[in-house]
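Numbering (our numbering), first residue to last: 175 to 424. We treat Cβ as the ideally placed atom computed from N, Cα and C, and that holds for glycine. Here's the structure, in structure tokens; my notes come after.
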Ligand code: AMP
């Protein structure tokens with residue numbers, strides 16, 4: 175089967191986010207960008223499926239600007255076979271991403287689509303769910319363990335208070351959680367090999383999707399700075415402050 179892995183280019187998780195002076199969004203100019211960390215986990219899982227003989231081909235797809243090619247190259251260096259860049263400058267909301275991924279899935283016919291559980295830039299946690307609904311395929315979200323059979327998958331999901339194990343018929347959409355695996359680092363020879371792997375470029379219009387945003391961002395603001403703390407000399411002073419000043423104990 176083919177495995178489709180949507181990979182998003184986001185601000186690297188180590189970067190200290192700065193809000194633009196005009197409060198229209200987050201500063202991305204001259205900022206280190208990387209693959210969304212949950213998508214690395216999805217790529218790792220897909221490559222492991224290929225290594226285990228459960229998948230024939232791993233396709234990485236990204237919707238974003240020309241530079242999202244680099245994100246696809248990272249997936250190729252980790253072991254994906256080919257890439258698809260759906261090029262679009264500017265904001266693409268989860269619904270538009272899901273519509274584009276639906277069109278790609280209909281063209282490619284994957285047995286499973288492995289998304290990240292959420293993109294760390296918008297924290298939407300919507301794409302996999304919307305995609306599953308649009309395709310009419312089953313979904314397994316927040317997957318921390320995945321076993322692929324011939325016509326169904328067994329997925330363990332991280333839910334409040336424990337782990338839930340479900341079976342879904344294939345083809346299905348999964349969104350992967352942190353504990354599914356530890357993504358590999360691409361080796362230098364694999365980075366070199368990835369340069370020769372094909373990346374097909376399309377536009378949203380080629381796939382019949384209008385990516386125009388449906389939402390308007392009213393304002394983006396920094397969180398208020400944290401107040402400085404105080405040091406107390408001993409437990410007695412701490413208890414007194416909690417009782418008399420913070421009034422959180424009686
Ligand atoms: P979100 O719903 O935005 O939190 O994103 C969830 C997942 O959908 C991500 O981890 C990716 O797997 C996929 N995704 C979202 N946006 C994009 C994009 N622009 N390109 C490729 N995949 C995306």
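A straight line joining the alpha-carbon of residue 332 with that of residue 346 spans about 18 angstroms. Membership of residue 349 in the beta strand (DSSP E) is indicated by the continuous run 346 to 350.
Between residue 289 and residue 305, the C-beta spacing is below 9 angstroms. In this structure residue 366 is exposed. Its beta-carbon is surrounded by fewer than 16 other beta-carbon atoms within 10 angstroms. Considered as a whole, the segment 264 to 328 harbours 268 to 282 and 301 to 309 as its complete alpha helix (DSSP H) runs of no fewer than 4 residues, in chain order. Annotation for residue 233 indicates a beta carbon at 8 angstroms or more from all heavy atoms of ligand 1. Of the residues 208, 265, 271 and 220, the one whose Cα lies closest to the Cα of residue 243 is 208. In this structure, residue 242 has its beta carbon less than 8 angstroms from a heavy atom of ligand 1. In the three-state reduction of the DSSP assignment, residue 371 falls in the coil class, being assigned neither a helical nor a strand state. Among the bridge pairs identified by DSSP, residue 332 is matched with 337. In the DSSP annotation of this structure, residue 243 is not part of any beta strand (DSSP E); the continuous alpha helix (DSSP H) holding it starts and ends at 242 to 252.
Put simply, of 271, 214, 180 and 319 the residue whose alpha carbon is nearest the alpha carbon of residue 186 is 214.
About 11 angstroms separates the beta carbons of residue 343 and residue 328, which is beyond the 8 angstroms limit, so they are not a contact pair. Residue state for residue 209 is assigned as strand, using DSSP reduced to three classes. Of the candidates 251, 218, 256 and 299, 299 places its Cα closest to the Cα of residue 271.
Note on residue 324: under 16 other CB atoms within 10 angstroms of its CB, so exposed under the neighbour-count rule. Taking the Cα of residue 204 as reference, the smallest distance to any Cα among 192, 211, 198 and 212 is reached at 192. For the pair residue 360 and residue 248, the CB atoms are nearer than the 9 angstroms cut-off. Separation of residue 188 and residue 211 (C-alpha to C-alpha, rounded to the nearest whole angstrom) is 11 angstroms.
For residue 237, the pairing in a beta bridge is given by DSSP as 260.
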